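Enquirer:
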Amino acid sequence: MNLLDVSNVVAGYGETEILHGVSVTVEQGEIVTIIGPNGSGKSTLLKAIIGLVQTKQGQVSFRGEDITGMAPDLIVRKGICYVPQSSNVFSSLTIHENLEMGAFVRTDDYRHRIAEAYDLFPDLAERPNERAGRLSGGQRQMLALARALMLDPILLLLDEPSAGLAPNMVSLVLDKILGINRTGVAMLLLEQNAHEALKLSNRGYVLASGQNQIEDRGENLLGNPEVARLYLGG
Ligand SMILES: Nc1ncnc2c1ncn2[C@@H]1O[C@H](COP(=O)(O)OP(=O)(O)OP(=O)(O)O)[C@@H](O)[C@H]1O
Ligand SMILES: [Mg+2]
């Protein structure tokens, strides 16, 4: 059984259909990256998985359970956490308050989760009382990742976590993603920095015009001349 099984999903906004039958799987502990041109429906796919966009046909299953059409907050409780590309932290709140907000729906003692997040992100631990709005783009993405960990996710959906960052920050963010993955969290990742992302991915998909085009192991996609020409700047 796959951890996540997206099968022939058709979804869009109002009358406009964006995804025309997309299928993606993620297995326990995997990093799976989706690349593809702007506007191909990558972000829409993540929103359909987490329930922010209505799935009109097809099915989304998580750990064998059909979650198609379920409310986002219920899906989150099942262990999927979604980190959107922007507005993913509260600018007016401090780092620490953002982490507490991330743990908001937890009813148990979550202090150990905050301690673990600070271990993983020492830059954040250094200044818990800094407002998120004063952080650099890279640090803000780190905070968004740390915040997502508050709910002990089984699967993270990450929408271009390294977009717009300086190259050294891109590597650092992807490094953290790998670190989180090594604690057992599976990742479905969207990335513009396709080369770097595929290097650390088990598998990858190319999505274009709302349809799957190519699916392969990360290293095979990196070595695929067509993928290189179209998406890797090679
Ligand atoms: N809220 C919305 N309402 C209507 N159309 C939308 C909405 N969000 C996105 N779209 C449209 O859906 C299509 C796919 O957008 P989506 O954001 O999923 O693409 P993407 O692959 O994530 O692109 P990018 O690489 O630029 O992030 C685009 O044509 C976009 O204009
Ligand atoms: Mg997008």
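Quick note: the sequence shown, position 46, residue 35 per our numbering, numbers continuous. Cβ coordinates follow ideal geometry from the N, Cα and C atoms, glycine included. These numbers were taken from a predicted model, which means no experiment stands behind them.
Which of the three DSSP states, helix, strand or coil, is assigned to LYS31?
Expert: In the structure shown, LYS31 sits in a helix (DSSP, three-state: H, G or I).
Enquirer: As a quick check of your reading: which residues have a C-beta less than 5 Å from at least one non-hydrogen atom of ligand 1, in chain order?
Expert: The answer, residue by residue, is TYR2, ILE7, ASN27, GLY28, SER29, GLY30, LYS31, SER32 and THR33.
Enquirer: How should PRO111 be labelled, buried or exposed, when 16 other C-beta atoms within 10 angstroms of its C-beta is the threshold for buried?
Expert: The residue in question, PRO111, is exposed, as its Cβ has fewer than 16 Cβ neighbours within 10 Å.
Enquirer: Mind checking whether the beta-carbon of GLU180 lies closer than 7 Å to any heavy atom of ligand 3?
Expert: This structure simply doesn't include ligand 3; it includes ligand 1 and ligand 2 instead.
Enquirer: Quick one: any contact between the segment 146 to 164 and the segment 29 to 47, if contact means 3 or more CB pairs under 8 Å?
Expert: These segments touch.
Enquirer: Give every residue of the same chain whose Cβ lies closer than 8 Å to the Cβ of ASP55, excluding the five residues on either side of it in the sequence, and list them in chain order.
Expert: Within the same chain, ASP55 has close Cβ partners GLN48 and VAL49.
Enquirer: Would you kindly work out how many angstroms separate the C-alpha atoms of GLY58 and GLN43, rounded to a whole number?
Expert: So the two alpha carbons sit approximately 6 Å from each other.
Enquirer: Please give the ranges of any beta strand (DSSP E) in the segment 44 to 104, keeping only runs that are unbroken, at least 3 residues long and fully inside the region.
Expert: With a minimum length of 3 residues, the continuous beta strand (DSSP E) runs that stay inside the segment 44 to 104 are 44 to 51 and 69 to 72.
Enquirer: Excluding sequence positions up to five away, which residues of its chain have a Cβ less than 7 Å from the Cβ of LEU124?
Expert: Closer than 7 Å at Cβ, skipping near neighbours: LEU132.
Enquirer: Would ASN(-9) and THR14 qualify as a contact pair, given that the criterion is a beta-carbon distance under 8 Å?
Expert: Cβ atoms of ASN(-9) and THR14: closer than 8 Å.
Enquirer: CA-CA distance, GLY18 and GLY193?
Expert: Roughly 14 Å between the two C-alpha positions.
Enquirer: Nearest to LEU134 by CA position, among ALA155, GLN74 and ARG116, is which residue?
Expert: Among ALA155, GLN74 and ARG116, the Cα nearest to that of LEU134 belongs to GLN74.
Enquirer: I need the DSSP call for ASP141, collapsed to helix, strand or coil.
Expert: Coil, per DSSP.
Enquirer: Within 10 Å of its beta-carbon, does LEU63 have 16 or more other beta-carbons around it, so buried, or fewer, so exposed?
Expert: Under this definition LEU63 is an exposed residue.
Enquirer: Once you ignore the five residues that flank VAL72 on each side, which residues in its own chain have a CB closer than 6 Å to its CB?
Expert: Excluding positions up to five away in sequence, the list reads ALA133, ALA137 and LEU147.
Enquirer: If you reduce the DSSP assignment to three classes, tell me which class MET176 lands in.
Expert: It is a strand residue.
Enquirer: Just to confirm my understanding: we take LEU88, look at its own chain, exclude 5 residues before and 5 after, and list those with CB closer than 7 Å. What are they?
Expert: Closer than 7 Å at Cβ, skipping near neighbours: ILE103, ALA106, ALA135, ARG136 and MET139.
Enquirer: Within its chain, find whatever has a CB closer than 6 Å to the CB of LEU179; leave out the 5 residues flanking it on each side and keep chain order.
Expert: ILE23, LYS31, ASP148 and GLU149.
Enquirer: In chain order, what residues of the same chain lie with their CB nearer than 6 Å to the CB of ASN170, ignoring the 5 residues before and after it?
Expert: Within the same chain, ASN170 has close Cβ partners ILE20 and MET176.
Enquirer: Where does VAL162 sit, in a helix, a strand or coil, going by DSSP?
Expert: Correct three-state label for VAL162: helix.
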